[in-house]
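S.K.:
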Amino acid sequence: MTSPLGALDKLSLGNNGDCATFSRALLWNVTEVMALDSVFKGINCSEQRIKMNTSNSTVSACLPSEVQMGTGCAGFQNSNLDQKECLRNVVADLEHYKELLQKYADPTLDSTVVRAISDLTEHCFSASPTNPSTLKNSDFRDHTFDERLQMCKILKGFQVRAITISRILSYISADTSKK
């Protein structure tokens, strides 16, 4: 499987609209799966704390330089955004969460969120199709309460990050379509 980090040039005018659509589908899948009792078995995810991935700097990498330097506002129309660095962080986040979800080995997460991550990276960042999952039915297992609680917190963090990713890709799509 080829890592999408080396193929960021694929995000071009031709598929930017699709990228925004795929990112919205990812957000929808994350939001929907968080409400499923079959995944969290008695844990109300909406009442839990968020666990964010802090190893990547997607938010700061995707801010226009004017905002980072304090000389502009987020709505600034002609902003200088380092698109490659921004997208590199987006892809790193997607890979991070995909790896966590695959290790958790839940059939519902695998068929919804992991597949949505794979679809997004395949259509927007990767030069070749990615395998959505290599999990077999024998890999799936029941999870302890603490494991389910941790996954709930991770998914809440990923939901926030999916909102950010969706906004980033929509912004880039809109900005590119103006050119």
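For the sequence shown, position 89 matches number 86 in my numbering, and the numbering has no gaps at all. For glycine and all other residues, C-beta sits at the position ideal for the given N, C-alpha and C. Just so you know, these numbers come straight off a predicted model, no measurement behind them.
By the three-class DSSP mapping on this structure, what secondary structure does ASP104 have?
M.R.: As a position in the sequence shown, residue 104 is number 107, starting the count at 1. Checking the sequence shown, residue 104 turns out to be Pro, not Asp. Looking at PRO104 - three-state DSSP - the assignment turns out to be helix.
S.K.: If you follow the alpha helix (DSSP H) that VAL36 is in, where does it begin and where does it stop?
M.R.: Reading the sequence shown from its first residue, position 39 is the one you call residue 36. VAL36 -> alpha helix (DSSP H) spans 34 to 37.
S.K.: State the CB to CB distance for the pair LYS48 and GLY154, rounded to an integer number of angstroms; the pair is presumed to be in contact (CB under 8 Å).
M.R.: Within the sequence shown, residue 48 is the residue found at index 51, counting from 1. Within the sequence shown, residue 154 is the residue found at index 157, counting from 1. Indeed, because the Cβ distance is near 5 Å, the residues count as touching under 8 Å.
S.K.: What three-state label does DSSP hand GLN80 in the structure shown?
M.R.: For the purposes of this step, residue 80 is identified with residue 83 of the sequence shown, where counting begins at 1. Note: GLN80 maps to helix in three-state DSSP.
S.K.: Out of ASP143, ASP107, SER54, GLU96, point me to the one whose CA is closest to LYS38's CA.
M.R.: Mapped onto the sequence shown, residue 38 falls at position 41. Nearest of ASP143, ASP107, SER54, GLU96 to LYS38, Cα basis: ASP143.
S.K.: By the three-class DSSP mapping on this structure, what secondary structure does ILE169 have?
M.R.: Position 172 of the sequence shown, counted from the start, is the residue given in the question as residue 169. ILE169: helix per DSSP, three-state reduction.
S.K.: Note down the Cα distance separating SER125 from THR118, rounded to an integer number of angstroms.
M.R.: Within the sequence shown, residue 125 is the residue found at index 128, counting from 1. Within the sequence shown, residue 118 is the residue found at index 121, counting from 1. Per-residue confidence for SER125 stands at a pLDDT of 48, beneath the threshold of 50, marking its modelled position as unreliable; no derived number is given.
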